[in-house]
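Peer 1: One structure, as C-alpha cells, below. Some questions next.
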Amino acid sequence: MDKTYGVALIGCGHMGEAHISNIYYKTNVRIEYVCDLDRKKAELFQKKYGAHLTSSNPMECIEDKAVDIVIIATYPSTHLELLSLCLKNHKHVLCEKPIAGSRVEGKEFLRQVKEHPECKVLIGHILRHNATYQKVAQMIQNGAVGKPIAFRMVQNHHTMDWEKYKRMLGEASPLLDCGVHYVDIIKWFTGSDVKKIAASGARTEPDLPEGSFNYGMMMIELKDGSAGYYEAGWSNTLSADNLKEFSGPRGSIRIIYRKDRQTHQEEGDLIEYYKYPEKVYEMINVQCQRKPTGLQFDHLVKMIETGCDAVPTIDEVYESFEVCLRAQEQVAGDSM
Ligand SMILES: NC(=O)c1ccc[n+]([C@@H]2O[C@H](COP(=O)([O-])OP(=O)(O)OC[C@H]3O[C@@H](n4cnc5c(N)ncnc54)[C@H](O)[C@@H]3O)[C@@H](O)[C@H]2O)c1
Numbered sequence: 014m015d016k017t018y019g020v021a022l023i024g025c026g027h028m029g030e031a032h033i034s035n036i037y038y039k040t041n042v043r044i045e046y047v048c049d050l051d052r053k054k055a056e057l058f059q060k061k062y063g064a065h066l067t068s069s070n071p072m073e074c075i076e077d078k079a080v081d082i083v084i085i086a087t088y089p090s091t092h093l094e095l096l097s098l099c100l101k102n103h104k105h106v107l108c109e110k111p112i113a114g115s116r117v118e119g120k121e122f123l124r125q126v127k128e129h130p131e132c133k134v135l136i137g138h139i140l141r142h143n144a145t146y147q148k149v150a151q152m153i154q155n156g157a158v159g160k161p162i163a164f165r166m167v168q169n170h171h172t173m174d175w176e177k178y179k180r181m182l183g184e185a186s187p188l189l190d191c192g193v194h195y196v197d198i199i200k201w202f203t204g205s206d207v208k209k210i211a212a213s214g215a216r217t218e219p220d221l222p223e224g225s226f227n228y229g230m231m232m233i234e235l236k237d238g239s240a241g242y243y244e245a246g247w248s249n250t251l252s253a254d255n256l257k258e259f260s261g262p263r264g265s266i267r268i269i270y271r272k273d274r275q276t277h278q279e280e281g282d283l284i285e286y287y288k289y290p291e292k293v294y295e296m297i298n299v300q301c302q303r304k305p306t307g308l309q310f311d312h313l314v315k316m317i318e319t320g321c322d323a324v325p326t327i328d329e330v331y332e333s334f335e336v337c338l339r340a341q342e343q344v345a346g347d348s349m
C-alpha cells in the first residue's frame with residue numbers, strides 16, 4: 014500500500030476549509046488534527062471532514078508523532094512561530110501566504126526554511142497550481158502577445174464580514190496580503206524581475222487599525238520594459254472587481270473567471286486571446302478550480318517523495334514578499 018501522511022490543519026477559517034475540503038478524501042491522507050484557537054470551529058471541521066482529534070493548541074498537534082504534514086492557515090503574524098515549531102519537530106509544512114507581516118519575520122522565515130532542507134516547505138501561492146494561470150504563463154512565455162507587456166491586475170473585495178477584514182488589516186495591507194500572488198504572477202509570466210515600484214493608498218473606512226490602509230495601488234516596472242499596475246482594496250463600499258489583462262505588441266490576453274462569464278460557465282474559466290495584426294479573437298476554455306489546494310498539496314507530497322523544488326521556490330516567494338512590503342512601506346511612509 015502507498016504511504017499515507019498524517020495531516021494537522023492549524024486555522025479552521027476560510028483558507029483552512031479551502032485546504033481540508035480538497036484533501037480529506039485523498040487515499041494518502043489521514044487528517045490527524047484540526048486546530049483553531051476557537052475550539053468550536055475545530056469541532057465543526059472534525060465533524061465535516063472526519064478528523065481524528067481537535068485542539069485549540071497548535072503545539073499539541075505539531076508535537077504529535079502521527080503528524081507528518083502541518084497546514085498553516087492562520088494570520089501572517091503567526092506563521093514564523095508555527096513554522097519554527099514545525100521545523101523543530103521535523104514536520105513538512107504547507108503555509109499560507111504572505112510568509113509574515115514584517116521584513117524581520119519574513120527574512121527569518123526564509124533563513125529557517127533554507128536551514129532545514131530535510132523539511133519540505135511549500136507556500137500557498139495557489140495561482141501557480143491553477144490550470145488557467147499555467148496556460149496563460151505558457152502562452153506568454155511562447156510569445157503569444159510579444160514583449161514588452163502592459164499588465165492590469167485588479168482584485169477588490171466588497172467585504173461582507175468587516176470585522177474579519179479589520180483584523181487582517183491590522184496584520185497586512187491588501188497590497189501585501191493579496192499582492193504577493195500577483196507580483197509573483199507577473200515575474201513568472203515574463204521571466205523578468207521588478208526594476209521599480211511606486212505605490213499609493215487610501216484609508217476609506219473610518220475604523221481602520223492604526224497605521225493601516227484598506228485600498229492600495231502599485232505601479233510596477235520590470236527589467237524587460239514591461240509595466241503595469243496592481244490594485245487591491247477591502248472595504249464595505251468598493252465593488253468586487255477582478256481584472257487580469259496582459260497586452261503586448263502581438264496581442265492581448267484577458268483571464269475571465271468562470272463566475273464572471275456572461276455565458277457558458279459550465280466550460281470553466283475563459284481565456285480571451287486577441288491576436289494582432291490578424292485582429293482575430295480566440296476563446297480558450299479551461300476547466301479549473303479557483304483554488305486548487307488539492308493539487309498544491311500533491312506538489313508538497315511530490316517534494317517529499319522526489320526532492321523536487323517548491324513551486325514557487327522559497328526565494329521566489331521572498332522576492333514577491335519584499336516587493337509588496339516595499340509598496341506597503343511607501344504608502345505608510347507617505348501618510349506619516
Ligand atoms: N491563498 C489564497 O488564495 C488566500 C486567500 C485568502 C486568505 N489567504 C491567507 O490565509 C491566511 C488565513 O486567512 P483566512 O481568510 O483563512 O482567515 P480566517 O479568519 O477565515 O481564518 C483564520 C483562522 O485561524 C485561526 N487562528 C488564528 N491564529 C491561530 C493560532 N495561533 N492557532 C490556531 N488557530 C488560529 C482563527 O481563529 C481563524 O479561525 C492568511 O494568511 C491569508 O492571507 C490566502
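Quick note, in my numbering, the sequence shown goes up one by one and the last residue is 349. Cβ coordinates follow ideal geometry from the N, Cα and C atoms, glycine included.
Quick one: using the 10 Å Cβ neighbour count with 16 as the cut-off for buried, is TYR37 buried or exposed?
Peer 2: Numbered from 1 along the sequence shown, position 24 holds the residue referred to as residue 37. Per the 10 Å Cβ criterion, buried.
Peer 1: Using DSSP bridges, identify the partner residues of ASP282.
Peer 2: Taking the sequence shown and counting its residues from 1, the one referred to as residue 282 is at position 269. Partner(s): VAL299.
Peer 1: With 16 as the cutoff for other CB atoms within 10 Å, does GLY178 come out buried or exposed?
Peer 2: Start at 1 with the first residue of the sequence shown, and residue 178 comes out as number 165. Position check: residue 178 holds Tyr in this sequence, whereas Gly was assumed. Buried, because 16 or more other Cβ atoms sit within 10 Å of the Cβ of TYR178.
Peer 1: Just how far apart, CA to CA, sit MET296 and ILE266?
Peer 2: For the purposes of this step, residue 296 is taken as the residue at position 283 of the sequence shown. For the purposes of this step, residue 266 is taken as the residue at position 253 of the sequence shown. Each residue's alpha carbon lies about 10 Å from the other.
Peer 1: Thinking C-alpha only, which one of LEU189, SER239 and GLY264 is nearest GLY204?
Peer 2: Within the sequence shown, residue 204 is the residue found at index 191, counting from 1. Comparing Cα-Cα distances from GLY204 to each of LEU189, SER239 and GLY264, the minimum goes to SER239.
Peer 1: What does DSSP give as the partner residues of GLU258 in its beta bridges?
Peer 2: For the purposes of this step, residue 258 is taken as residue 245 along the sequence shown, with counting starting at 1. Its beta-bridge partners are ARG165 and ARG267.
Peer 1: Quick one: what does DSSP say VAL83 is sitting in, helix, strand or coil?
Peer 2: Locating residue 83 in the sequence shown gives position 70, where the first residue counts as 1. Strand at VAL83.
Peer 1: If you check the beta carbons only, do LEU235 and LYS208 fall under 7 Å apart?
Peer 2: Within the sequence shown, residue 235 is the residue found at index 222, counting from 1. Within the sequence shown, residue 208 is the residue found at index 195, counting from 1. A contact, by the Cβ cut-off of 7 Å.
Peer 1: For the beta strand (DSSP E) holding TYR354, just list the boundary residues, first then last.
Peer 2: Given that the chain is displayed from residue 14 to residue 349, the structure contains no residue 354 and the question cannot be resolved.
Peer 1: Among GLY119, LEU135, ARG141 and THR326, which residue has its Cα nearest to the Cα of LEU107?
Peer 2: If you number the sequence shown from 1, residue 107 lands on position 94. Ranking the options by Cα distance to LEU107, first place goes to LEU135.
Peer 1: Just checking LYS177 against ligand 1 - is the residue's beta carbon closer than 6 Å to any of the ligand's heavy atoms?
Peer 2: For the purposes of this step, residue 177 is taken as residue 164 along the sequence shown, with counting starting at 1. Within the cutoff, so yes.
Peer 1: For a test of the three-state rule: what should DSSP assign to MET349, helix, strand or coil?
Peer 2: Taking the first residue of the sequence shown as 1, we reach residue 349 at position 336. With a pLDDT of only 38 at MET349, under 50, the local geometry of the prediction cannot be trusted, and no value is derived from it.
Peer 1: Going by C-alpha to C-alpha distance, which of ARG124, ASP220, PRO222 and GLY137 sits closest to ILE84?
Peer 2: Sequence index remark: in the sequence shown, residue 84 carries index 71 (1-based). Cα-wise, what sits closest to ILE84 is GLY137.
Peer 1: Smallest Cα separation from LYS257: which of GLU280, ASP237, SER248 and TYR286?
Peer 2: Counting from one through the sequence shown, the residue named residue 257 turns up at place 244. With distances taken between Cα atoms, LYS257 lies closest to TYR286.
Peer 1: Let me check one thing: in DSSP terms, what residues is SER213 bridge-paired to?
Peer 2: On the sequence shown, position 200 is the one that residue 213 refers to. Its beta-bridge partners are MET230.
Peer 1: What I want to know is whether the C-beta of THR7 ends up closer than 6 Å to one or more non-hydrogen atoms of ligand 1.
Peer 2: No information on residue 7 is available, as it lies outside the stretch 14 to 349 that the chain covers here.
Peer 1: Expressed to the nearest angstrom, what Euclidean distance is found between the alpha-carbon atoms of ARG180 and PHE202?
Peer 2: On the sequence shown, residue 180 is found 167 positions in, with the first residue counted as 1. On the sequence shown, residue 202 is found 189 positions in, with the first residue counted as 1. Distance between the alpha carbons of ARG180 and PHE202: 32 Å.
Peer 1: Taking ASP237 as the reference, give the member of PHE164, ASN41, CYS321 and MET28 with the closest Cα.
Peer 2: For the purposes of this step, residue 237 is taken as residue 224 along the sequence shown, with counting starting at 1. It is PHE164.
Peer 1: Since SER248 and GLY229 are thought to touch, with beta carbons under 8 Å apart, how far apart are those beta carbons, to the nearest angstrom?
Peer 2: In the sequence shown, residue 248 corresponds to position 235, counting from 1. In the sequence shown, residue 229 corresponds to position 216, counting from 1. So it is not a contact: roughly 11 Å between Cβ atoms.
Peer 1: Would you mind giving the Cβ-Cβ distance between GLY192 and ALA245, rounded to the nearest angstrom? I have them listed as a contact below 8 Å.
Peer 2: In the sequence shown, residue 192 corresponds to position 179, counting from 1. In the sequence shown, residue 245 corresponds to position 232, counting from 1. That pair is a contact at about 6 Å.
Peer 1: Are at least three pairs of beta-carbons, each pair with one atom in the stretch 294 to 312 and one in the stretch 25 to 37, less than 8 Å apart?
Peer 2: yes
Peer 1: Which of the three DSSP states, helix, strand or coil, is assigned to THR276?
Peer 2: By one-based count along the sequence shown, residue 276 stands at place 263. THR276: coil per DSSP, three-state reduction.
Peer 1: Taking just the CA atoms, how far does GLY159 sit from ILE153?
Peer 2: The residue labelled residue 153 in the question sits at position 140 within the sequence shown. The residue labelled residue 159 in the question sits at position 146 within the sequence shown. Cα-Cα distance, rounded: 7 Å.
Peer 1: With distances taken from CA atoms, which of LYS104, GLU118, TYR18 and ASN70 is nearest LEU93?
Peer 2: Mapped onto the sequence shown, residue 93 falls at position 80. For LEU93, the nearest C-alpha among the options comes from GLU118.
Peer 1: Could you give the C-beta distance for ASP81 and LYS101, rounded to a whole number, given that I count them as a contact under 8 Å?
Peer 2: On the sequence shown, residue 81 is found 68 positions in, with the first residue counted as 1. On the sequence shown, residue 101 is found 88 positions in, with the first residue counted as 1. About 15 Å separates the two Cβ atoms, so there is no contact after all.
Peer 1: Per DSSP, what kind of secondary structure is ILE153 in: helix, strand or coil?
Peer 2: Here residue 153 is taken as the residue at index 140 of the sequence shown, counted from 1. Three-state DSSP puts ILE153 in a helix.
Peer 1: Can a CB atom of chain D be found closer than 7 Å to the CB of SER252?
Peer 2: Among the protein chains of the structure shown there is no chain D, as only one such chain exists.
Peer 1: Per DSSP, what kind of secondary structure is ILE23 in: helix, strand or coil?
Peer 2: Taking the first residue of the sequence shown as position 1, residue 23 is located at position 10. Of the three classes helix, strand and coil, the one that applies to ILE23 here is strand, per DSSP.
Peer 1: Spatial neighbours of GLY156 within its chain, please: C-beta separation below 8 Å, excluding the five flanking residues on both sides.
Peer 2: In the sequence shown, residue 156 corresponds to position 143, counting from 1. Excluding sequence neighbours, GLY156 sits near ARG263.
Peer 1: Can you tell me which residues form a DSSP beta bridge with SER252?
Peer 2: In the sequence shown, residue 252 corresponds to position 239, counting from 1. Answer is none; SER252 lacks a bridge partner.
Peer 1: Express the C-alpha separation of SER90 and LEU21 in angstroms, rounding to a whole number.
Peer 2: Numbered from its first residue, the sequence shown carries residue 21 at position 8. Numbered from its first residue, the sequence shown carries residue 90 at position 77. Rather than Leu, the amino acid found at residue 21 in this sequence is Ala. CA-CA distance, ALA21 to SER90, rounds to 19 Å.
Peer 1: In the DSSP assignment, find the unbroken alpha helix (DSSP H) run with SER90 in it and report its ends.
Peer 2: To locate residue 90, count along the sequence shown from 1; it is residue 77. Note, SER90: alpha helix (DSSP H), 89 to 101.
Peer 1: To which residues of the same chain is HIS65 closer than 6 Å at the C-beta, ignoring the five residues directly before and after it?
Peer 2: Residue mapping note: residue 65 aligns to position 52 of the sequence shown, counting from 1. Counting only residues of its own chain and dropping the five nearest sequence neighbours on each side, HIS65 has a CB closer than 6 Å to the CB of GLU45.
Peer 1: Using CA coordinates, which residue listed in VAL196, GLN341, VAL324 and GLU318 is at the minimum distance from ASN41?
Peer 2: For the purposes of this step, residue 41 is taken as residue 28 along the sequence shown, with counting starting at 1. ASN41 has its Cα closest to that of GLU318, out of VAL196, GLN341, VAL324 and GLU318.
Peer 1: For ALA31, which residues from the same chain have a beta carbon less than 6 Å from its beta carbon, with the 5 sequence-adjacent residues on both sides left out?
Peer 2: Within the sequence shown, residue 31 is the residue found at index 18, counting from 1. Taken in chain order, the residues that qualify are LYS304 and THR306.
Peer 1: If you check the beta carbons only, do TYR195 and TYR243 fall under 7 Å apart?
Peer 2: Locating residue 195 in the sequence shown gives position 182, where the first residue counts as 1. Locating residue 243 in the sequence shown gives position 230, where the first residue counts as 1. For TYR195 and TYR243, yes; Cβs fall inside 7 Å.
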